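Asker:
Numbering (my numbering), first residue to last: 1 to 130.
(1) Indicate the three-state DSSP secondary structure (helix, strand or coil) for residue 48 in the structure shown.
(2) Take residue 7 and list the residues in its own chain whose beta-carbon comes closer than 6 Å to its own, dropping the five residues that flank it on each side.
(3) Kindly list the residues whose CB is nearer than 7 Å to the CB of residue 106, restricted to its own chain and excluding five residues on each side of it in sequence; keep chain order.
(4) Please list, in chain order, all residues of the same chain as residue 84 whose beta carbon is under 7 Å from its beta carbon, the five residues on each side excluded.
(5) Any idea if residue 51 is buried or exposed, counting beta-carbon neighbours within 10 angstroms, 16 or more meaning buried?
(6) For the beta strand (DSSP E) containing residue 29, name the first residue and the last one.
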């Protein structure tokens with residue numbers, strides 16, 4: 001089981017790493033999902049997410065873009081998996097769990113960190129998920 005700390009981790013790099021490990025058969029737990037960063041211009045990232053949320057059709061159809069921080073991270077990981085609806089992509093997606101904060105069972109475990117303090121333009125996932 002791999003425990004990944006999402007604090008200051010770039011979303012795309014975190015998602016690709018988690019997807020690869022999950023495809024290898026490893027259980028992947030991601031903590032601190034609200035502190036994951038998305039690089040780029042704050043204005044364009046917020047605008048992009050807002051447009052995606054407004055595109056929902058009727059209540060029964062349409063891509064639903066969820067607001068919870070852990071769901072945003074998990075959806076990014078899902079995009080890195082081969083066909084998440086069937087086969088090995090589906091099995092790999094079931095092995096991934098995302099958490100806001102640090103749950104009690106992972107307080108003392110070894111964590112994999114992605115520290116990227118040098119990014120100038122970024123926005124945190126918790127700011128998008130308001």
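A virtual CB, placed ideally from N, CA and C, is assigned to each residue, including glycine.
Since this is a predicted model, take the numbers as computed values, not measurements.
Answerer: Well, looking at it:
(1) Locating residue 48 in the chain shown gives position 48, counting from the first residue. DSSP places residue 48 in helix when its eight states are reduced to three.
(2) Along the chain shown, one-based indexing puts residue 7 at 7. The answer, listed in chain order, is 32, 35.
(3) Stepping through the chain shown from its first residue, residue 106 is reached at position 106. Exclusion of the five residues before and after residue 106 leaves 3, 29, 31 as the residues of its chain whose Cβ lies within less than 7 Å of its Cβ.
(4) As a first step, residue 84 is located in the chain shown; it is residue number 84 there, counting from the start. Within the same chain, residue 84 has close Cβ partners 78, 90, 93.
(5) Residue 51 sits at position 51 when you count from the first residue of the chain shown. The residue is exposed, with fewer than 16 neighbouring Cβ atoms inside 10 Å.
(6) Position 29 of the chain shown, counted from the first residue, corresponds to residue 29. Looking at the DSSP string, the run of the beta strand (DSSP E) that includes residue 29 is 28-31.
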